[in-house]
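Colleague:
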């Protein structure tokens, strides 16, 4: 389970981070 979560996190964060940053910068 932890290993699975680690894989999801490593794949998800790089994809979500730019989206969150653009949302914050876009207001």
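Residue numbers (the UniProt record's numbering): 1 to 27.
For every residue, glycine included, the Cβ atom is placed at its ideal position computed from N, Cα and C.
From residue 3 to residue 10, what distance separates their C-alpha atoms?
Modeller: 11 Å
Colleague: Would you say the beta carbon of residue 21 is closer than 6 Å to some non-hydrogen atom of the ligand GTP?
Modeller: Among the components of this structure there are no ligands whatsoever, and the ligand GTP is therefore not found.
Colleague: Can you check the UniProt domain "KRAB" (1 to 27) for any alpha helix (DSSP H) of at least 4 residues that lies completely inside it and give the ranges in chain order?
Modeller: 2 to 26
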